[in-house]
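Peer 1:
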Amino acid sequence: MKYIFEVHIRDGYRAEEYAEAWVRASEIIQRAPGARGTELHRKIDDPTTLIAIAHWDSKASRDAMEARRDPTVKAIIKSAAPCCEIRLIGEFEEPEWVVMPPRNRGRE
Numbered sequence: 087m088k089y090i091f092e093v094h095i096r097d098g099y100r101a102e103e104y105a106e107a108w109v110r111a112s113e114i115i116q117r118a119p120g121a122r123g124t125e126l127h128r129k130i131d132d133p134t135t136l137i138a139i140a141h142w143d144s145k146a147s148r149d150a151m152e153a154r155r156d157p158t159v160k161a162i163i164k165s166a167a168p169c170c171e172i173r174l175i176g177e178f179e180e181p182e183w184v185v186m187p188p189r190n191r192g193r194e
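In the numbering used here, the protein residues as written are 87 to 194.
1) Residue 89 bridges to which residues according to DSSP?
2) So what's residue 185 in DSSP terms, helix, strand or just coil?
3) Determine the direct distance from the alpha carbon of residue 167 to that of residue 132, and round the result to whole angstroms.
4) When the Cα atoms are used, what is the spatial distance from residue 118 to residue 171?
5) How close, in whole Å, do the beta carbons of residue 89 and residue 146 come, if the pair is a contact with beta carbons under 8 Å?
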C-alpha cells in the first residue's frame, strides 16, 4: 500500500530544511517490518509544495509502526513541525494490475 501526504513549506523556511528531517525520520521508519521505501518529490514550479509517498507491505504493517513509533522519530517530526503544514492525501492499495500505453504507438 501507499501512504501519501502533501507538505507545504511555510514562509521563511526552505524545502531542504524539511527534507533533512524527513530523511532522518525515514531512515528509522524504514527499519520497521513491512516498510518498502519512501519518496519525497517537489512540485514543478512550486518549491514550497512537496509530496511524500511511503510504500508498505500492508496497511496493517504501517499501522503497527505508527502504534509503536520510535521516540526519536517523534522528536524529529516535532522539530520539523514549525517549518511546514502536512495534509494527508490518503492510503492507497496497490493495484491488482496496471495498464500502460505502448511506448512507441504512433511513432512510426
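Yeah, the Cβ is synthetic: ideal placement off N, Cα and C, and Gly gets one too. Keep in mind the model is a prediction, meaning the values are calculated, not measured.
Peer 2: With the given structure in hand:
1) As DSSP reads the structure, residue 89 sits in a beta bridge with 140 and 177.
2) Judged by DSSP in its simplified three-state form, residue 185 adopts coil rather than helix or strand.
3) Between residue 132 and residue 167, the C-alpha separation is close to 20 Å.
4) Computed Cα separation, rounded: 25 Å.
5) Contact flag wrong, Cβ pair sits at about 12 Å.
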